[in-house]
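See below for the structure under consideration.
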Amino acid sequence: MSETDEEVHAKSASRSLFDLRWLIAGLFVVYGGLLIVLGIFDSEAEVQKADGIRINLWTGVGMFILGALFGLWSWLRPLRPDAPASVAAQSEERQPEA
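Numbering (our numbering), first residue to last: 2 to 99.
Here's what the structure looks like:
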């Protein structure tokens, strides 16, 4: 049983559609959440070592927001496989030129 060019392209395109933005978003959200929790429960000695700034809390908030933005980007602009060359050529032939 021989596969057509479109079927072969669809299989290879679907394999290459693993979106790393979701992985990056997940890691930033998890680590950001962990730092937020650590920042909330920092002792006064740890806060004073950072010149009075709750550095874990603010870094965690930044990481969490960055992860959320990566997730939003991945959700709003998902990856799509390119059309096979033969399908793209056929669609160009059908379109009348202006």
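Beta carbons are placed, not taken as given, at the ideal position from N, Cα and C, and that holds for glycine. Keep in mind it's a predicted model, so treat the numbers as computed, not measured.
Rounded to the nearest angstrom, what separates residue i and residue j at their Cα positions?
| i | j | result |
| --- | --- | --- |
| glycine 63 | glycine 33 | 7 Å |
| arginine 22 | tryptophan 76 | 10 Å |
| glycine 40 | arginine 55 | 6 Å |
| arginine 78 | alanine 26 | 14 Å |
| glycine 61 | serine 44 | 16 Å |
| isoleucine 37 | aspartate 20 | 27 Å |
| aspartate 52 | valine 31 | 26 Å |
Please classify residue i as buried or exposed, where buried requires at least 16 other C-beta atoms within 10 Å of its C-beta.
| i | result |
| --- | --- |
| phenylalanine 29 | buried |
| leucine 73 | exposed |
Using DSSP with H/G/I as helix, E/B as strand and the rest coil, what is residue i?
| i | result |
| --- | --- |
| leucine 67 | helix |
| isoleucine 54 | coil |
| serine 44 | coil |
| leucine 80 | coil |
| glutamine 29 | It is worth fixing the name first, because residue 29 is phenylalanine in this sequence and not glutamine. It is helical. |
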